Amino acid sequence: MSTDNKSSDRHTEQERDPGLSRLYQESSQETPPDRLDRDILHYARNNLRKRHRLPVSPFTSNWTIPVSLAAVLLISIALVPIIRQEMQSPRQKFKDEHGIAATRTEEQRRIPEVAEGKKENAAPLQDSSATDTRLTDLGKSPARAKSTAPMSREPLMPEPSPALTGAPPSPASIQEKSTAAEASGTTSAGVQSDSTARLANSGFNRDDPESWLIHIQKLLRENKTAEAKSSYQSFIQRYPQYPGERVLGEKLELLTGSQ
Amino acid sequence: MDYALEAMMESDEDLMLSYSQGNIHAFETLYSRHKDSLYRFLLRQCGHTATAEELFQDVWMNLIRSRENYRVQATFRTFLYHMAHNRLIDHYRRKKTGIPVSYQSDSAPDLDEISDCPQQNPEVQAQNQQLHTMVHAAIQELPEAQREAFLLHEEGGLSLNQIAEINGVNPETIKSRIRYAIRKLKQSLGDVL
Numbered sequence: 004m005s006t007d008n009k010s011s012d013r014h015t016e017q018e019r020d021p022g023l024s025r026l027y028q029e030s031s032q033e034t035p036p037d038r039l040d041r042d043i044l045h046y047a048r049n050n051l052r053k054r055h056r057l058p059v060s061p062f063t064s065n066w067t068i069p070v071s072l073a074a075v076l077l078i079s080i081a082l083v084p085i086i087r088q089e090m091q092s093p094r095q096k097f098k099d100e101h102g103i104a105a106t107r108t109e110e111q112r113r114i115p116e117v118a119e120g121k122k123e124n125a126a127p128l129q130d131s132s133a134t135d136t137r138l139t140d141l142g143k144s145p146a147r148a149k150s151t152a153p154m155s156r157e158p159l160m161p162e163p164s165p166a167l168t169g170a171p172p173s174p175a176s177i178q179e180k181s182t183a184a185e186a187s188g189t190t191s192a193g194v195q196s197d198s199t200a201r202l203a204n205s206g207f208n209r210d211d212p213e214s215w216l217i218h219i220q221k222l223l224r225e226n227k228t229a230e231a232k233s234s235y236q237s238f239i240q241r242y243p244q245y246p247g248e249r250v251l252g253e254k255l256e257l258l259t260g261s262q
Numbered sequence: 062m063d064y065a066l067e068a069m070m071e072s073d074e075d076l077m078l079s080y081s082q083g084n085i086h087a088f089e090t091l092y093s094r095h096k097d098s099l100y101r102f103l104l105r106q107c108g109h110t111a112t113a114e115e116l117f118q119d120v121w122m123n124l125i126r127s128r129e130n131y132r133v134q135a136t137f138r139t140f141l142y143h144m145a146h147n148r149l150i151d152h153y154r155r156k157k158t159g160i161p162v163s164y165q166s167d168s169a170p171d172l173d174e175i176s177d178c179p180q181q182n183p184e185v186q187a188q189n190q191q192l193h194t195m196v197h198a199a200i201q202e203l204p205e206a207q208r209e210a211f212l213l214h215e216e217g218g219l220s221l222n223q224i225a226e227i228n229g230v231n232p233e234t235i236k237s238r239i240r241y242a243i244r245k246l247k248q249s250l251g252d253v254l
C-alpha cells in the first residue's frame, strides 16, 4: 500500500511541471466571498445544535423503554396484595376483622382428631365432650353452666342440643337412632357407639361462625326446624353483622311459618 | 494550549471526526484549510462565479449533513473533492449539454485540436493581471476531464491514485489526462513559461 502511494507520488511529481505550477499558483488567488463563509459556518453551527438536541428529547432516548418496563413491573407487584384483599370473601373479611380464623383452625384441627380417636377408642371422645358432660354431672343446668364456662366456649343457646350436652336422649331420638341403625345394618349394640359418633360430628365450635352455620343447616336437613331456628337466633345474637346469613334466616322463617 | 493552535496541528480526518462529535471549532479549522482551494477548483471547472459559489455552498452543506456518517476510509481531501466532483457531474447533467464527452472517453484528444489557440503577445504577458487572465483562459480551454485532473492535482494537491479514485477511472488514465493538460497549457502559454 505504502509502496503504491510512493509510486503514485513519484509519478505525480513526474507529471508536474514546476514552471506551470508556479505560474498557476501565482495566478490563482481567488477566495470565496465572506458572505458564503458566514452562511456555511452558520449552517454548520445550526446543524450541530439541531442534531445534538435530538438525544435530549424524551421520545428518542433509549432509557424510556427499560424505565417503562420497570414501572409496569413495580405497579403489578404492588397491586397483587391489593387485588388479593379485594378478592377475599366478605365472610373471610369478617373473620379477619374479628380474629376468628385462628380459633377456627385450632378447633377444626381438634374435631377430626376426636372423630378419628372415637372409632378406635371411645375414651378420648368422652374426654372431648367432657366439658358439657361434666357440667351435667355436677348437677348444674346447662343455663347455669353457661355462666361459669369461659366466654369463648359459652353457648348462647337457651337449650343446647342433647347430643352436645350429653343429656339422655329422648325416646323419639332413640327410636330415630335405632331405625337409622337398622337401616344401615348395624346391630343394636352398636347404637351407643353410633350416637357417640354423631355427637362428635354434630359438635361445633361457637367461636367459628362457619361451623355454627353448618350445624344449623345440618339441623334443618334433619328436620329439626325449631332447634335450628333457636340456634340461628343465638347465632344472630352473637354475630349480628355476619355477612350473607339473611338467606338462611328467611328460609327458617318460611319453614317455621309453614309449620 | 490554545484550541486554535491545537486544532491546526490535528489532521483533517481527526478534525472531521471531532466535528462529527459536535466540535464546531474543528469544522472552522477544516473549513479555513480547504475553502480557498475548493472554491478555485470549482470556479475553474465551471467558469462562472455565481455557479461556482452555488456549487461551493452545496458541497460544504452536503459535507455538514453527512458528518455523522463520516468514516476514515480515505483522506479527508479525497472525500471532500469526491463530493465536489459528484456535485459537478450533477451540474453538468442539469445543463442541456449533459456530461462533457471528455469524461466519457479515456482517450485524450489530439494535441492538434488546440494548436490554433491564440498565442499571447509577450508584452501583454508581462503584466500580471493579463498573465493570470491568460493562464485562466488556457485552463478554460482544456477539456473538462483534463482540466479537472489538472486542477485536482495542482489545486487540491491530490495524487494520481486519489484523483483516479474520485473519477472512478484507472490511475493511468489520470496520468494521461494530466500529461495532455500540461502539454496543452505549455502550448497555450508559450514563452510565458
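Line by line, the protein sequences give chains A and B.
Under the numbering used here, think of the first position of the first sequence as 4, with each following residue one higher.
Under the numbering used here, think of the first position of the second sequence as 62, with each following residue one higher.
The C-beta atom is built at its ideal place from N, Cα and C for all residues, glycine as well.
Here the structure is a predicted model, which means the values were calculated and not measured.
Pairing K254(A) with Q244(A), the inter-Cα distance amounts to about 18 Å. Contact between D73(B) and F137(B) holds, with the beta-carbon distance rounding to 3 Å and staying under 8 Å. A Cβ-Cβ distance of about 7 Å is found for the pair E114(B) and P35(A), placing them in contact under the 8 Å criterion.
What N50(A) touches in chain B, judged by beta-carbon distance under 9 Å, is M122, I125, R126 and R128, going in chain order.
For D40(A), the nearest beta carbon of chain B is closer than 8 Å to its own beta carbon. Residue burial is scored here from C-beta neighbours: T259(A) has fewer than 16 other C-beta atoms within 10 angstroms and is therefore classed as exposed.
Just measuring C-alpha positions, the residue of S31(A), L216(A) and D40(A) sitting nearest L251(A) is L216(A). Contact check between the stretch 201 to 217 of chain B and the stretch 124 to 133 of chain B: fewer than three CB pairs, one atom from each, fall below 8 Å, which does not count as touching.
Three or more Cβ pairs closer than 8 Å define a contact, and the stretch 39 to 52 of chain A falls short of that threshold against the stretch 229 to 245 of chain B.
At least one C-beta of chain B is nearer than 8 Å to the C-beta of D20(A). Three or more Cβ pairs drawn from the stretch 208 to 228 of chain B and the stretch 242 to 252 of chain B lie within less than 8 Å of each other, which places the two stretches in contact. Of the residues Q240(A), K53(A) and R25(A), the one whose Cα lies closest to the Cα of P212(A) is Q240(A). The Cβ neighbour count for N147(B), taken over all protein chains shown within 10 Å, is under 16; the residue is labelled exposed. Put simply, the backbone Cα of A145(B) is about 20 Å away from that of H45(A). For Y241(B), the closest Cβ of chain A is not nearer than 8 Å.
At a cut-off of 8 Å, the C-beta of E216(B) has a neighbouring C-beta in chain A. For F137(B), not one C-beta of chain A is nearer than 8 Å to its own C-beta.
With its beta carbon at least 8 Å from every one in chain B, S71(A) lies outside the interface.
Within chain A, P35 and L39 have C-beta atoms less than 8 Å from the C-beta of F117(B), given in sequence order.
Rounded to whole angstroms, A111(B) and G251(B) show a C-alpha spacing of 31 Å. Restricting attention to F140(B), K247(B) and S249(B), the CA atom closest to the CA of L78(B) is found in F140(B). For the set E215(B), S237(B) and E226(B), the Cα lying nearest the Cα of R25(A) is the one of E215(B). Shown here, T136(B) sits in coil according to DSSP, grouped into three states, outside any helix or strand.
Its chain contains A68, L76, S79 and Y80 as the residues whose beta carbon lies nearer than 7 Å to that of A87(B), once the 5 sequence neighbours on both sides are disregarded; these appear in chain order. Each residue's CA atom was taken as its position, placing V120(B) and V75(A) some 49 Å apart. For L104(B), same chain residues with a beta-carbon under 6 Å away, outside a window of 5 residues either side, are A113 in chain order. Counted as a single uninterrupted DSSP element, the alpha helix (DSSP H) harbouring W121(B) occupies residues T110 to R126. Interface criterion met: the Cβ of L26(A) is under 8 Å from a Cβ in chain B. Rounded to whole angstroms, the gap between the alpha carbons of L91(B) and S237(B) is 31 Å. For P204(B), no alpha helix (DSSP H) encloses it, and the DSSP letter there is neither H nor E. Inter-residue distance for P21(A) and M70(B) is about 28 Å (C-alpha atoms, whole angstroms).
For the C-beta of G108(B), not a single chain A residue is nearer than 8 Å; the gap to the nearest is close to 12 Å.
Collapsing the DSSP output to three states places N65(A) in coil.
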